[in-house]
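Peer 1: Throughout the sequence shown, residue numbering follows this note's numbering, covering 9 to 412 in sequence. No residue lacks a Cβ here, since even glycine has one placed at the ideal position from N, Cα and C. Here the structure is a predicted model, which is why all the values come from computation and not from measurement. Can you read through this structure? Questions will come right after.
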Amino acid sequence: MPAASISPDPSADALVFDRADSLVARARHRPPSPDDQPEQIVPVDRVPFFLAPEARDPDALEFPEHDFEPGRAALFNSAMVRFFEGGRVVEADAGDMFLRAGELVMCDVDRGLQLATVTAPSTRKLSRLGPPVRVVRRAHDGDQRGEPDRRKREQEATRLCVEHARAQNLPMKVVRTEIGQGGSRVTCYFASEERVDFRELARALGTALHLRVEMRQVGVRDSTKVLGGVGPCGLQLCCSTFLQDFAPVSIRHAKDQGLVLNPTKISGVCGRLMCCLVYEEAYYRAHRKLLPKIGKRVVTPKGEGKVRDVDVLKLTARVEIADREGASRLFEFAASDLKPVAAPPAGEARRPATNPRHAAPGRASEPSGNPPAPGPDSPQEAGSNEEDPDVDEQDAEPDEQEPA
């Protein structure tokens, strides 16, 4: 690759961004600055990644190798792997290997060496914590040759686990079993809503399989992810296809999206709230701020009214407006056509309350011997029997009655 250099011409405008192969990029110009300095692009004697699958070091900038020290960001070669079909995708340290998607590798986990499938190619990544899984080597023919036999043994272990669980009346659902690469340990995954005493079950399985048995309890979401299925939308479950991790879902997400709070409508196959409620939550939260609250009075091109409903996707609101005859009608307006009601001037007094409970605190309800004289603007004359709208009926009676 020949060396190249970029030397901006002080007499001409300097291009800040110019990329011909981009569909949306546009060249922007700015006046020249004295800080502009020629930038030298040093050629790197490296083979592109897509041409060198066996490259020892795919890092062209020659960063130092990863060193996982607490509190320090380190650079390592990250790859995404999956240990079994429908399992969770985890991050692994590929070391100095450049891995492609679909390759079979041997990973060092807490259960020993385990065969895994690469789901995403390895890339350099900065992180403060190193991945818990480490890729030891690529899988060879010997590792793949014993895979069908190991799958058959896992199916037999699953069948025995289900039979013994039913015989002991244990409230559990066996999800799957996994036999390690060495063939000396079997791990049984089960789901249950309550705590299960599986000690007798583990002894029975160990005697039948002649292996060391380990029992692990998983949640209902993890069991549904392993078993798979079809959701209410008619497609395969998100958790068993592309979803890598479970995000927390609450009933607030359904309320923000205006969904009917029916458990059968917003629950998934696992019985929990559907994971897809989180997908559009960021959009709803960002655009809900552009719309007025329900019940608030706003000014529209057709007059003042009260907001009855909003549509976040269309950014519209339905406003109830009363006509001259007193009848109310609903109109739909865009968010840009709505304005808040102007507040009254600071010196303008508010209208008096018609409910005696909301009367001013200075107005006394106890009878007084000398009632206050009405003001000049008051329509009530002295000695009139008309009731004050702000005073209760019992307060309007005279304090003292004349003798007959």
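Relative to the C-alpha of Leu251, which candidate in Val257, Gly242, Val268 and Lys233 has its C-alpha closest?
Peer 2: Here the question's residue 251 lines up with position 243 in the sequence shown. That would be Lys233, whose Cα lies nearest to the Cα of Leu251.
Peer 1: Could you pull out every residue in the same chain whose Cβ sits closer than 6 angstroms to the Cβ of Arg296, ignoring the five residues on either side in sequence?
Peer 2: Taking the sequence shown and counting its residues from 1, one reaches residue 296 at position 288. Excluding residues within five positions, the ones whose Cβ falls inside 6 angstroms are Val320.
Peer 1: Flag this pair as touching only if the stretch 227 to 247 and the stretch 272 to 282 have three or more C-beta atom pairs under 8 angstroms; answer yes or no.
Peer 2: Flag = yes, the stretch 227 to 247 and the stretch 272 to 282 touch.
Peer 1: Would you call Gly313 buried or exposed, if buried means 16 or more other Cβ atoms sit within 10 Å of its Cβ?
Peer 2: Within the sequence shown, residue 313 is the residue found at index 305, counting from 1. So Gly313 ends up on the buried side.
Peer 1: Look up Thr249 in the DSSP assignment and say whether it is helix, strand or coil.
Peer 2: Indexing the sequence shown from 1 puts residue 249 at position 241. Coil, per DSSP.
Peer 1: Whose CA, out of Glu171, Ile187, Pro309 and Gly266, lies closest to the CA of Ala342?
Peer 2: Here residue 342 is taken as the residue at index 334 of the sequence shown, counted from 1. When each option's Cα is compared against that of Ala342, the closest is Pro309.
Peer 1: Use the C-beta contact count for Val315: other C-beta atoms within 10 angstroms, 16 or more gives buried, fewer gives exposed.
Peer 2: Here residue 315 refers to the residue found at position 307 when the sequence shown is read from its first residue. Flag for Val315 reads buried.
Peer 1: Looking at the secondary structure, which residues open and close the beta strand (DSSP E) in which Leu338 lies?
Peer 2: Working through the sequence shown from its first residue, we reach residue 338 at position 330. Its beta strand (DSSP E) spans residues Ser336 to Ala342.
Peer 1: Measuring straight from C-alpha to C-alpha, what distance separates Glu288 and Pro300?
Peer 2: On the sequence shown, position 280 is the one that residue 288 refers to. On the sequence shown, position 292 is the one that residue 300 refers to. Rounded to whole angstroms, Glu288 to Pro300 spans 20 angstroms at the Cα level.
Peer 1: Given that a residue counts as buried once 16 or more other Cβ atoms are within 10 Å of its Cβ, and exposed if not, what is Asp149?
Peer 2: Taking the sequence shown and counting its residues from 1, the one referred to as residue 149 is at position 141. When all chains shown are included, Asp149 counts as exposed.
Peer 1: In terms of residues, what are the limits of the alpha helix (DSSP H) holding Glu164?
Peer 2: Sequence index remark: in the sequence shown, residue 164 carries index 156 (1-based). Where Glu164 is concerned, the enclosing alpha helix (DSSP H) stretches over Glu155 to Ala175.
Peer 1: Our contact map puts Pro2 next to Ala87 with C-beta atoms below 8 angstroms; I'd like the distance itself, whole angstroms only.
Peer 2: Absent from the model: residue 2. The displayed extent of the chain is 9 to 412, so no value can be given.
Peer 1: Who are the Cβ neighbours of Gly239 in its own chain at under 6 angstroms, not counting the five residues just before and after it?
Peer 2: Position 231 of the sequence shown holds residue 239. So the list reads Leu245, once near-sequence residues are dropped.
Peer 1: Alpha carbons only, please: which of Cys241, Asn270 and Cys284 is nearest the one belonging to Ala255?
Peer 2: In the sequence shown, the residue the question calls residue 255 occupies position 247. Cα-wise, what sits closest to Ala255 is Cys284.
Peer 1: So the alpha helix (DSSP H) Val5 belongs to, where does it begin and stop?
Peer 2: In the structure as shown, the chain starts at 9 and stops at 412, and residue 5 therefore has no counterpart that could be examined.
Peer 1: Roughly how many whole angstroms lie between the Cα atoms of Arg193 and Ala262?
Peer 2: Within the sequence shown, residue 193 is the residue found at index 185, counting from 1. Within the sequence shown, residue 262 is the residue found at index 254, counting from 1. Using only the alpha carbons, I get a separation of about 44 angstroms.
Peer 1: Report the three-state DSSP secondary structure of Ala128 (helix, strand or coil).
Peer 2: Within the sequence shown, numbered from 1, the residue matching residue 128 stands at position 120. It is a strand residue.
Peer 1: Quick check on DSSP: helix, strand or coil for Asp101?
Peer 2: Translated into the one-based positions of the sequence shown, residue 101 becomes position 93. Asp101 falls in the strand class under three-state DSSP.
Peer 1: What separation, rounded to the nearest whole angstrom, lies between the Cα atoms of Asp151 and Lys133?
Peer 2: Here the question's residue 151 lines up with position 143 in the sequence shown. Here the question's residue 133 lines up with position 125 in the sequence shown. Cα to Cα, the separation comes out at about 29 angstroms.
Peer 1: What would DSSP say about Glu208, mapped onto helix, strand or coil?
Peer 2: The residue given as residue 208 occupies position 200 in the sequence shown. Note: Glu208 maps to helix in three-state DSSP.
Peer 1: Secondary structure at Lys263, three-state DSSP: helix, strand or coil?
Peer 2: Along the sequence shown, one-based indexing puts residue 263 at 255. Residue state, collapsed to three classes: helix.
Peer 1: Can you grab the Cα-Cα spacing for the pair Ala165 / Arg145, in whole Å?
Peer 2: As a first step, residue 165 is located in the sequence shown; it is residue number 157 there, counting from the start. As a first step, residue 145 is located in the sequence shown; it is residue number 137 there, counting from the start. Taking the straight line from one Cα to the other gives about 28 angstroms.
Peer 1: Among Gln163, Gly188, Ala212 and Tyr197, whose alpha-carbon lies nearest the alpha-carbon of Ala175?
Peer 2: Counting from 1 along the sequence shown, the entry for residue 175 is found at position 167. Comparing Cα-Cα distances from Ala175 to each of Gln163, Gly188, Ala212 and Tyr197, the minimum goes to Ala212.
Peer 1: Across which residues does DSSP place Ile329 in a beta bridge pair?
Peer 2: The residue labelled residue 329 in the question sits at position 321 within the sequence shown. Bridge partners of Ile329: Arg337.
Peer 1: Could you pull out every residue in the same chain whose Cβ sits closer than 7 angstroms to the Cβ of Thr127, ignoring the five residues on either side in sequence?
Peer 2: On the sequence shown, residue 127 is found 119 positions in, with the first residue counted as 1. So the list reads Met88, Val89, Arg90, Val97 and Ala109, once near-sequence residues are dropped.
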